[in-house]
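All residue numbers for the sequence shown refer to the UniProt record's numbering, where the first residue is 1 and numbers rise by one.
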Amino acid sequence: MDDKAVWNKENVKHLCDICKNEVLAGHRPLWHLNKVGWKNVEDKFAEKYVKKLEHLQLKNKWDSLKRSYSCFMDLKNMATRLGWDEARQTVDCDDTWWKDHLARCHDPANSRKCKHVQFRKCGPTNLDSLHIMFGSAHVTGASASIPGDLSDDGSDDEVHELEKKPHECQIVYFAYTKTQEAKIEGVDKITTSIEASSAPPMTNPVPTIAEAMRMVKEHEVQEKTALMHSSTLLIMKPELRKVLSLLGTTEGRLDWLQREHEIKKLP
Numbered sequence: 001m002d003d004k005a006v007w008n009k010e011n012v013k014h015l016c017d018i019c020k021n022e023v024l025a026g027h028r029p030l031w032h033l034n035k036v037g038w039k040n041v042e043d044k045f046a047e048k049y050v051k052k053l054e055h056l057q058l059k060n061k062w063d064s065l066k067r068s069y070s071c072f073m074d075l076k077n078m079a080t081r082l083g084w085d086e087a088r089q090t091v092d093c094d095d096t097w098w099k100d101h102l103a104r105c106h107d108p109a110n111s112r113k114c115k116h117v118q119f120r121k122c123g124p125t126n127l128d129s130l131h132i133m134f135g136s137a138h139v140t141g142a143s144a145s146i147p148g149d150l151s152d153d154g155s156d157d158e159v160h161e162l163e164k165k166p167h168e169c170q171i172v173y174f175a176y177t178k179t180q181e182a183k184i185e186g187v188d189k190i191t192t193s194i195e196a197s198s199a200p201p202m203t204n205p206v207p208t209i210a211e212a213m214r215m216v217k218e219h220e221v222q223e224k225t226a227l228m229h230s231s232t233l234l235i236m237k238p239e240l241r242k243v244l245s246l247l248g249t250t251e252g253r254l255d256w257l258q259r260e261h262e263i264k265k266l267p
């Protein structure tokens, strides 16, 4: 690659919007977009970027965003009952909590600092899109443990190849190798095939994420609102998409979304 990609705020948002739509269209069967999804991303991004980027450049940024999202979700999971600041899109924790948390998270012996501190003032940009891109495929801490770029979305730094960085989130969870991912995907395909051949016909199939999102928007839930944020998280779970589809009226669905949103706000 001779030309470096320029990842400023505008270009990152453009990429996230495209990737989000590809996920909603059903082009991310497991951890990554499929060939159709990536082809669409490459073509659509080139329409605005003028010059078409290579697949590796876009894939590198996808991986970088996923690591950042995983790191943020690790933090959010550890501060589950401490509140949420909607304006700053991050956890609402006081200085005492942060002091104790960073003391546990830092690893001075290995000269490593916890990456959670980058989300102390505000969460990742394009968070609603990131929830859709990575939400249901997120494995806590797995991606955050992979060396690579954790650049800020607001940076004008150019990204060429994945640059190895020694410091990532210092929370130990399972990290899958590419070989393990391939095996898991293979088992998943076999299991899906067996289930499909043996299962009785479904009279009420679970809606896809795209179908559930259309239902949410039909109820005039606006983007960039707290209700849309919580609704997006809800439809990541198949059983909750099923509940949404089984409710018979528009009023009933909107009432359910609002009640679930209020529950999530409780301490």
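Note that CB positions come from ideal geometry on N, CA and C, so glycine has one too.
Please state whether DSSP places residue i in a helix, a strand or coil.
i, result
"Val221", "coil"
"Trp84", "strand"
"Ala25", "coil"
"Val6", "strand"
"Thr250", "helix"
"Trp31", "coil"
"Leu56", "helix"
"Val206", "coil"
"Ser151", "A caution first: Ser151 carries a pLDDT of 38, below 50, which makes its placement in the model too unreliable to give a value."
Label residue i either buried or exposed according to how many other C-beta atoms from any shown protein chain fall within 10 Å of its C-beta, with 16 as the threshold for buried.
i, result
"Lys20", "buried"
"Leu246", "exposed"
"Pro124", "buried"
"Asn126", "buried"
"Gln222", "exposed"
"Glu218", "exposed"
"Thr250", "exposed"
"Gly37", "buried"
"Glu22", "buried"
"Ile132", "buried"
"Leu30", "exposed"
"Lys115", "buried"
"Ala103", "exposed"
"Ile18", "buried"
"Val50", "exposed"
"Ala5", "buried"
"Ile235", "buried"
"Ile70", "The question names Ile, but residue 70 is Ser in the sequence shown. Buried is the call here."
Which residues mark the beginning and the end of the alpha helix (DSSP H) in which residue i is found?
i, result
"Gly37", "Lys35 to Tyr49"
"Lys237", "Looking at the DSSP string, Lys237 is not in any alpha helix (DSSP H), and its letter there is neither H nor E."
Mind reading off the beta-carbon distance from residue i to residue j? Whole number of angstroms is fine, and I expect it under 8 Å.
i, j, result
"residue 304", "Ala212", "Because residue 304 is not part of the residues shown, which for the chain are 1 to 267, the question remains open."
"Ala226", "Gly26", "With 8 Å as the limit, Ala226 and Gly26 do not qualify as a contact, their Cβ atoms being about 27 Å apart."
"Glu83", "Asp74", "It should be noted that the sequence gives Gly, not Glu, for residue 83. 17 Å between Cβ atoms; not a contact."
"His55", "Glu42", "6 Å"
"Cys122", "Arg88", "5 Å"
"Trp7", "Lys61", "6 Å"
"Leu130", "Leu65", "6 Å"
"Val206", "Lys264", "Not confirmed; about 22 Å, so no contact."
- Query: Which runs of the beta strand (DSSP E) fall wholly inside the segment 63 to 138 and span at least 3 residues, in chain order?
  - Reply: none
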